[in-house]
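Structure first, commentary second.
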Amino acid sequence: MNLPYLSKTDISGKRVLLRADLDVSLEKSSSDILRLEALVPTLKFLEERKCKVVIIGHKGRPEGKDEKDSLKDICLNLSKLLGKEIRFIPEIISDSVKNETKMLKEGDFVMLENLRFDKREEQNDAGFAKSLSEYAEVFVNEAFATSHRSHASIVGIPKYIKGFLGLRFEKEVENLSRVFSNPQKPVIAIVSGVKEDKVIYAKALVDVVDKVLVGGRLPEYLKNEKSIREFNDNDKMIVANLIFDKEDITLHSVERFKEEIKKARTIVLAGALGRYEDEGHRQSTKEIFEEVANSYSFKIVGGGDSLVAIQMFNLTPKFDWVSVGGGAMLEYLVKGSLPGIDALLH
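Going by numbering that gives the first Met the number 0, the first residue of the sequence shown is number 0, and it counts up by one from there.
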């Protein structure tokens, strides 16, 4: 795809509407802070080009306005990371916001309130998207982790103003594409966690990679698939067996997964193998993550729990790419695109 990258265009001095990944919990570790840190290069890029920047994003799944999901504290923390004030505007759509965005000076940054305080965001309401688009001359999507959602701020805004992919989004695309575009083989994907929708991705990845290893709680949802007990070398999906309380995979499954990891040359790691937060169920996640991290493969990791775990085990620097998306990463690997990308191409 000939994608519209921010890095390859001149938007000097323009008013920019920047859709950012702001769905973070500042009380949590660090995996959430990574999303904010990942925004800084794009913000500096825009600052250097004297752009007037309006930052938008969401946090949580509020039903209406909920103070605990306000972006005010996120704005303060992002300002500290940037080393420059980002002024917070506690509104989304209003004449006063439109006037304030028109009055922005070169190099100014503002952040609007949580988009999901307005139900029209998730409804992909055309009027809501058009109103947002009126705040700027160009749109930049730097919300990779949300770009598998067909929401107004992701797919609606580009219908009204020219859109580009941000610097981090560009790197996500380039690194993830290495899994299916002339990859080093064999390619394996380790898909785990507790969300049942990951089963859909695990099954779809069978057509993309050489082997899919399935752990976490997912084997419970795949009872009709061959488990490791019935597995043979020709099977593309290997489903782990669970221990008696179903909070971890068995040691035999760990050893079988390690055999596949040793043979792999490209590895995607998405999700913890067990309830790693509990020391008594941490072993499989620790062993598998360390095996991947210490391999000679091209290694990608993504998803909230995965990022917390690699930091817990001090493995972050050993991965070639750390994706800020979980579901978005898997969808991109399966489909080769995302709604947020497609919206910029039409």
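Glycine is no exception: its CB is placed at the ideal position from the N, C-alpha and C atoms.
The criterion of a C-beta distance shorter than 8 Å is satisfied by residue 71 and residue 87. The continuous stretches of beta strand (DSSP E) do not include residue 191, and DSSP gives it neither H nor E.
In this structure, the straight-line span from the alpha carbon of residue 43 to that of residue 260 is close to 39 Å.
Secondary structure in the stretch 264-339: the alpha helix (DSSP H) runs of 4 residues or longer, each lying completely within the stretch, are 282-292, 303-311 and 326-334 in chain order. Taken in chain order, the complete alpha helix (DSSP H) segments of 4 or more residues contained in the stretch 59-131 are 71-81 and 94-101. In the three-state DSSP reduction, residue 21 falls in the coil class, being neither helix nor strand. For residue 51, the uninterrupted beta strand (DSSP E) run begins and ends at 51-55, by DSSP. Rounded to the nearest angstrom, the gap between the Cα atoms of residue 277 and residue 271 is 12 Å.
Of the residues 38, 294 and 110, the one whose Cα lies closest to the Cα of residue 169 is 38. In the three-state scheme derived from DSSP, where H, G and I count as helix and E and B as strand, residue 143 is classed as helix. Residue 54 has its alpha-carbon roughly 13 Å from the corresponding atom of residue 136. Distances from the CA of residue 208 to each of 265, 103 and 222 were compared; the closest alpha carbon is that of 265. For residue 161, the enclosing beta strand (DSSP E) starts and ends at 161-164.
Distance from the CA atom of residue 97 to the CA atom of residue 13, rounded to whole angstroms, is 15 Å. Judged by beta-carbon spacing, residue 280 lies within the 8 Å limit of residue 246, meaning their Cβ atoms are closer than that value. Relative to the Cα of residue 263, the nearest Cα in the group 184, 145 and 283 belongs to 184. According to DSSP, residue 248 shares a beta bridge with 241.
Closest by C-alpha distance to residue 84, out of 109, 133, 104 and 95, is 109. For secondary structure counted as the alpha helix (DSSP H) over 4 or more consecutive residues, the stretch 212-242 holds these complete runs in sequence order: 217-220. Across the structure, residue 249 and residue 240 are spaced so that their CA atoms are roughly 6 Å apart. Within the model, the alpha-carbon separation for residue 129 versus residue 312 is close to 45 Å. As computed with DSSP, residue 187 is found in a beta bridge with 210 and 266.
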